[in-house]
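Shown next, in structure tokens, is the structure this report addresses.
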Amino acid sequence: AAPPAGKRRRRGDPQTAPQLALTLLVRRGGVALRVPCAEAAALAGVVPLTAPAPPPTAAEKYGVCRFSGLIARYRDPATGERFGSVDALRQLRAAKAAEAEAAAKAAAAASAPAEVAA
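With positions in the sequence shown counted from 1, the corresponding number in my numbering is that position plus 109.
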């Protein structure tokens, strides 16, 4: 039907625009916007139906320091292991030195000639 003479229909005219109820669903897995329409395929590729995954937490991104329990933001250049504080770095270096010393003792004991009992 044509509009009456002298009157033009506007796009946002409430008489011509259908009333849609949008719903926003907030869940643990993300946020979804529900848009009612005649065909779901009409919105495919136009409106993302779910929100992207949230960014990882700092603990997930860096890990946790095994010595201090803090977020392991730093990396030891000598060993490549992550740590959370200067004290943790000192403990890490001491632990690695103790491991190296124990390995050296084990190697020396393995390479020493066995004594023969008379």
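Yeah, the Cβ is synthetic: ideal placement off N, Cα and C, and Gly gets one too. Nothing here was measured: the structure is a model prediction, and the numbers come from that model.
Whether or not the region 168-179 and the region 189-201 are in contact is what I'm after, with contact meaning three or more pairs of Cβ atoms, one per stretch, closer than 8 angstroms; do they touch?
Enough Cβ pairs lie closer than 8 angstroms, so yes.
Within the same chain, show all residues whose beta-carbon is closer than 6 angstroms to that of L142, passing over the 5 residues directly before and after it, in chain order.
Result list for L142: L133, in chain order.
With contact counted as at least three CB pairs below 8 angstroms, one residue from each stretch, are the region 158-165 and the region 178-189 in contact?
Here the region 158-165 does not lie against the region 178-189, with fewer than 3 beta-carbon pairs under 8 angstroms apart.
Note down, in chain order, each residue of its chain lying with its Cβ closer than 7 angstroms to the Cβ of K205, except the 5 sequence neighbours on either side.
Setting aside the 5 residues that flank it on each side, K205 is surrounded in the same chain by T188, each with a C-beta closer than 7 angstroms to its C-beta; the list follows chain order.
Range of the contiguous beta strand (DSSP E) that encloses L179
From DSSP, L179 is part of no beta strand (DSSP E); its letter is neither H nor E.
So R202 is in the alpha helix (DSSP H); what residue range does that whole segment cover?
Here the alpha helix (DSSP H) through R202 covers 195-220.
Alpha carbon of A197 to alpha carbon of E208, nearest angstrom
Each residue's alpha carbon lies about 16 angstroms from the other.
Start-to-end residues for the beta strand (DSSP E) that takes in A141
For A141, the enclosing beta strand (DSSP E) begins and ends at 139-143.
Specify, as a first and last residue, the run of the beta strand (DSSP E) that L131 falls within.
L131 -> no beta strand (DSSP E), and no H or E assigned at all.
For R175, which beta-bridge partners are listed by DSSP?
Beta-bridge analysis with DSSP links R175 to no other residue.
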